[in-house]
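In the working numbering, the protein residues as written are 49 to 214. For glycine and all other residues, C-beta sits at the position ideal for the given N, C-alpha and C. None of these values were measured; they are calculated from a predicted model.
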């Protein structure tokens with residue numbers, strides 16, 4: 049398929065509208081249904097659209113790098129902001145993090161015997177339910193961290209077994 053402004057620009061505009069609306073909803077915690085999933089996965093449409101749009105308009109795009117001090121400055125600031133976004137937030141090195149990260153850390157580091165009452169079942173039943181899901185936790189004093197290490201997929205599965213519908 050030939051890269052053409054005829055489809056690259058509408059793809060960029062449409063995917064931008066999707067990203068803008070779902071992003072604003074997520075920012076204000078008003079997202080529902082599949083908003084977050086659409087934002088994450090359909091964001092790839094925006095990546096493809098912008099890449100195709102840049103390719104279809106390459107000569108004009110190149111001018112921003114060569115002839116426009118303002119264009120270069122805006123792109124340089126964008127690169128610096130992107131680089132800064134990889135820095136850990138303040139307090140992260142002292143065991144901080146977002147509330148969900150703190151909760152998951154507390155759950156994975158607590159002995160099964162302390163988690164069982166939160167799930168509303170005896171520790172033996174909780175251990176059996178986890179084992180039935182393929183998660184072997186060796187005894188009531190063992191933790192999910194010791195059983196699963198940092199495997200986030202397995203940690204999510206274990207939390208689903210412990211706190212999901214039975």
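_residue 188 - DSSP class collapsed to helix/strand/coil_ = Position 140 of the chain shown, counted from the start, is the residue given in the question as residue 188. Residue 188: coil per DSSP, three-state reduction.
*If you drop the 5 nearest sequence neighbours on each side, which residues of the same chain put their C-beta closer than 7 Å to that of residue 206?*
As a working mapping, residue 206 is identified with position 158 in the chain shown. The answer, listed in chain order, is 178, 183, 192 and 196.
*For residue 159, the three-state DSSP class (helix, strand or coil)*: Here residue 159 refers to the residue found at position 111 of the chain shown. Of the three classes helix, strand and coil, the one that applies to residue 159 here is strand, per DSSP.
*Distance, residue 58 Cα to residue 65 Cα*: Here residue 65 refers to the residue found at position 17 of the chain shown. Here residue 58 refers to the residue found at position 10 of the chain shown. Those two C-alpha atoms are separated by around 10 Å.
*Where residue 6 sits in the DSSP three-state scheme*: No answer is possible for residue 6: the residues shown for the chain start at 49 and end at 214.
*Kindly indicate the opening and closing residues of the alpha helix (DSSP H) around residue 177.*
As a position in the chain shown, residue 177 is number 129, starting the count at 1. It spans 171–180 - the alpha helix (DSSP H) in which residue 177 sits, taken as one unbroken run.
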